[in-house]
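To keep things clear, I will list the structure first and then write my remarks on it.
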């Protein structure tokens, strides 16, 4: 082996902060010689070979280490065994990078004493790369993965985008954009296009400019079917600025429906205030928390904690109330044994809460189901809201609590208003009609279903090939220009009639087929039927890739919160984007 002088890494990497323990002064001797890649200093005058575990004397120079390496290990690296070792090292390096990306570990993990000892026990012959080397490998993997993803996305004819904003612990604003599409095998896929820092003002124009640049980079400017975001005014205006179909995340829509219904139910406000105070007491008092756990054990129950409400998410209110009802007896017993002025909920209040939970459970289930990312979800929006409406009416027939009945009326009114609006949106109505599980059955209004069928037929006719002009050639009298304009109009009329008739036949044949089971995959159906309904297949690929919510981007930021931790507050935006891209896409 020829030793080439290399510079040791600087531990003050501006890309990533590392809390460094005090090191012995002897470690300062490790400056230039690459032989230190194969040795660890175990004491002031001893070093240990990481390839064979032999301990050598150390006297402030590397001569004995170099002689040892050349005598016992250099020839092996040059042989076939060396080639095998090189392949093994590459394999382990790739596994290390994957672990760092998937588990959101800092690059500096390769310098942690415990981790190095652990790796040494597993494979003494493996030499961990330096932190800078790991970072370089991550960047190379990012470049390779991004090019592959770009090539894949450019092949598809239609994509949908989800987008969301996030503020890190450094108060840096970040914009995430994810792309969803149906691939050549008729499978649903998604790819994170980017997590970009956003130092500009959050205006619609700035958001649109960044997204437009990202779409151009990925080559999807003309293939975006829909943009799904939350209901923020700047996000909605951004969709208009980009001239894209826009739909509001259904999870945010349901959140708005329920929160408005809760706010409008004045009798429920006092109950919720008491519940929040009660939960806050048990979560802030160690004595109360331990007493509650002790009583649950004495009652033979599993030990559970009360759930604290998050103001921005209605389902956290649902979980808080549900847990409170579940722990009604131990909570009451704990309050009775503690010296506190916190009042428990009365029997009537618990009855009202239980009745309200029965009405809200469907909304909670719908929020969870419509937040799926791996399966078709956009076409479920109208059918699920229809089922919510029907279930709400059914549940309210048996509701005795005046509080729950009042809340149910507010829920029903809010739900009907949103459902009527969504049924008129082409992206929602067409995706529902093209889902063989639902078709026209997914609509609450028969009138809206009929309008959707007409819209589907029109879209289908727009992509049916126009008949050849030769079919109308007999209408033209050779050499006679007197009737030319009339003949042209007749030919065009016949073409339009033929195209519309062909589209109508294809749509009616599809609608006449029995619906498939709700648990079946609609994309598998279209893969089987793409030769029978070729034009509807193209529309299904176009519209069924639209997700019901922007939750995919919110999940990206949940993971980003793990990456940008207190120990990594100096992680650069570019490195963050690469890590999040690999974490999401690889």
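Numbering (the working numbering), first residue to last: 1154 to 1739. Idealized CB from N, CA, C, for every residue including glycine. The structure displayed is predicted, hence computed values, not measured ones.
- Message: Rounded to whole angstroms, what is the Cα-Cα separation between residue 1729 and residue 1348?
- Response: Residue numbering aside, residue 1729 sits at position 576 when the chain shown is read from its first letter. Residue numbering aside, residue 1348 sits at position 195 when the chain shown is read from its first letter. Residue 1729 and residue 1348: Cα-Cα distance of roughly 8 angstroms.
- Query: Which residues mark the beginning and the end of the alpha helix (DSSP H) in which residue 1391 is found?
  - Reply: Indexing the chain shown from 1 puts residue 1391 at position 238. Residue 1391 -> alpha helix (DSSP H) spans 1386 to 1395.
- Candidates 1218, 1507, 1402 and 1448: closest to residue 1488 by CA position: The residue given as residue 1488 occupies position 335 in the chain shown. When only C-alpha atoms are compared, the closest one is 1448.
- Query: Could you give the C-beta distance for residue 1803 and residue 1207, rounded to a whole number, given that I count them as a contact under 8 angstroms?
  - Reply: It is not possible to answer for residue 1803, since the shown part of the chain is limited to 1154 through 1739.
- Report the three-state DSSP secondary structure of residue 1733 (helix, strand or coil). Translated into positions along the chain shown, residue 1733 becomes position 580. Residue 1733: helix per DSSP, three-state reduction.
- Could you please give the first and the last residue of the uninterrupted alpha helix (DSSP H) stretch that includes residue 1613? One-based indexing of the chain shown puts residue 1613 at position 460. Per DSSP, residue 1613 belongs to the alpha helix (DSSP H) from 1599 to 1616.
- Between the stretch 1452 to 1465 and the stretch 1502 to 1520, are three or more C-beta pairs nearer than 8 angstroms? no
- Item | Option nearest residue 1652 by Cα separation, candidates 1659, 1378 and 1614 | If you number the chain shown from 1, residue 1652 lands on position 499. Per the Cα distances, 1614.
- Task: Please list, in chain order, all residues of the same chain as residue 1692 whose beta carbon is under 8 angstroms from its beta carbon, the five residues on each side excluded.
- Result: The count along the chain shown starts at 1 and reaches residue 1692 at position 539. If we look at residue 1692 and ignore the five residues flanking it on each side, its Cβ neighbours are 1583, 1587, 1609, 1612, 1613 and 1616.
- Please classify residue 1197: does DSSP put it in a helix, a strand, or coil? Numbered from its first residue, the chain shown carries residue 1197 at position 44. If DSSP states are grouped into helix, strand and coil, residue 1197 belongs with coil.
- Task: Determine, using beta carbons only, whether residue 1383 and residue 1402 come nearer to each other than 7 angstroms.
- Result: Taking the first residue of the chain shown as 1, we reach residue 1383 at position 230. Taking the first residue of the chain shown as 1, we reach residue 1402 at position 249. Cβ distance < 7 angstroms, so residue 1383 and residue 1402 count as in contact.
- Message: So, for residue 1404: in the same chain, excluding its five sequence neighbours on each side, which residues have a beta-carbon less than 7 angstroms away from its beta-carbon?
- Response: Looking up residue 1404 in the chain shown gives position 251. Only 1520, 1523, 1524, 1702 and 1704 meet the Cβ criterion.
- Query: Cα separation between residue 1304 and residue 1426?
  - Reply: Within the chain shown, residue 1304 is the residue found at index 151, counting from 1. Within the chain shown, residue 1426 is the residue found at index 273, counting from 1. Cα-Cα distance, rounded: 54 angstroms.
- Cα-Cα separation, residue 1453 to residue 1479: Sequence index remark: in the chain shown, residue 1453 carries index 300 (1-based). Sequence index remark: in the chain shown, residue 1479 carries index 326 (1-based). Distance between the alpha carbons of residue 1453 and residue 1479 is about 14 angstroms.
- Item | Length-filtered (3 minimum) beta strand (DSSP E) runs lying within the stretch 1302 to 1365 | 1312 to 1320, 1326 to 1335 and 1341 to 1350
- the stretch 1280 to 1288 in contact with the stretch 1296 to 1313 per 3-pair CB rule at 8 angstroms: no
- Look up residue 1470 in the DSSP assignment and say whether it is helix, strand or coil. Numbered from its first residue, the chain shown carries residue 1470 at position 317. Reduced to three states, the DSSP call for residue 1470 is helix.
- For the putative contact between residue 1581 and residue 1668, defined by C-beta atoms under 8 angstroms, what is the C-beta separation to the nearest angstrom? The count along the chain shown starts at 1 and reaches residue 1581 at position 428. The count along the chain shown starts at 1 and reaches residue 1668 at position 515. The Cβ separation is near 18 angstroms, so there is no contact.
- Ordered list of alpha helix (DSSP H) runs contained in the stretch 1425 to 1470, each at least 4 residues: 1439 to 1451
- Query: On the three-state DSSP scale, how would you describe residue 1552?
  - Reply: On the chain shown, position 399 is the one that residue 1552 refers to. Three-state DSSP puts residue 1552 in coil, outside helix and strand.
- Query: residue 1451: buried (16+ other C-beta within 10 angstroms of its C-beta) or exposed?
  - Reply: Residue 1451 sits at position 298 when you count from the first residue of the chain shown. Counting Cβ neighbours within 10 Å, residue 1451 comes out exposed, since fewer than 16 surround it.
- With 16 as the cutoff for other CB atoms within 10 Å, does residue 1410 come out buried or exposed? Sequence index remark: in the chain shown, residue 1410 carries index 257 (1-based). Residue 1410 is buried by the Cβ-count criterion.
- Just mark residue 1408 as buried or exposed, buried being the case when its beta carbon has 16 or more other beta carbons within 10 Å. In the chain shown, counting from the first residue as 1, residue 1408 sits at position 255. By the 10 Å Cβ count, residue 1408 comes out buried.
- When we look at the beta-carbon of residue 1590 and count the other beta-carbons within 10 Å, is it buried (16 or more) or exposed? In the chain shown, the residue the question calls residue 1590 occupies position 437. It counts as buried.
- For residue 1498, which three-state DSSP category applies? Working through the chain shown from its first residue, we reach residue 1498 at position 345. Reduced to three states, the DSSP call for residue 1498 is coil.
- Task: Can you check DSSP and say which residues form a bridge with residue 1135?
- Result: Outside the modelled stretch of the chain, which goes from 1154 to 1739, sits residue 1135, for which no answer is possible.
- Message: What does the Cβ neighbour count give for residue 1424, buried or exposed, with the cut at 16 atoms within 10 Å?
- Response: To locate residue 1424, count along the chain shown from 1; it is residue 271. Its Cβ being crowded by 16 or more others within 10 Å, residue 1424 is buried.
- Query: Which two residues bound the contiguous alpha helix (DSSP H) that contains residue 1676?
  - Reply: In the chain shown, counting from the first residue as 1, residue 1676 sits at position 523. Residues 1675 to 1682.
- If you drop the 5 nearest sequence neighbours on each side, which residues of the same chain put their C-beta closer than 7 angstroms to that of residue 1346? Locating residue 1346 in the chain shown gives position 193, where the first residue counts as 1. Excluding sequence neighbours, residue 1346 sits near 1330, 1331, 1332, 1367 and 1371.
- From 1312, 1191, 1199 and 1415, residue whose alpha carbon lies closest to that of residue 1467: Position 314 of the chain shown, counted from the first residue, corresponds to residue 1467. Among 1312, 1191, 1199 and 1415, the Cα nearest to that of residue 1467 belongs to 1415.
- Query: Three or more C-beta pairs closer than 8 angstroms, one from the stretch 1248 to 1267 and one from the stretch 1284 to 1293: is that the case here?
  - Reply: yes
- Item | Cutoff 8 angstroms; reference residue 1512; Cβ partners in own chain excluding five residues on either side | Position 359 of the chain shown holds residue 1512. For residue 1512, where only same-chain residues beyond five positions count, the Cβ hits under 8 angstroms are 1545, 1548, 1549, 1552, 1557, 1560, 1561 and 1564.
- Start and end residues, alpha helix (DSSP H) containing residue 1210: As a working mapping, residue 1210 is identified with position 57 in the chain shown. Careful: residue 1210 lies outside any alpha helix (DSSP H), inside the beta strand (DSSP E) at 1208 to 1210.
- Message: Tell me which residue opens and which closes the beta strand (DSSP E) that residue 1399 is part of.
- Response: For this step, residue 1399 is matched to residue 246 along the chain shown. Residues 1399 to 1401.
- Message: Measuring straight from C-alpha to C-alpha, what distance separates residue 1698 and residue 1363?
- Response: Within the chain shown, residue 1698 is the residue found at index 545, counting from 1. Within the chain shown, residue 1363 is the residue found at index 210, counting from 1. Roughly 23 angstroms separates the two Cα atoms.
- State buried or exposed for residue 1618, treating a residue as buried only when at least 16 other CB atoms are found within 10 Å of its CB. In the chain shown, residue 1618 corresponds to position 465, counting from 1. Answer is exposed; the Cβ neighbour count stays below 16.
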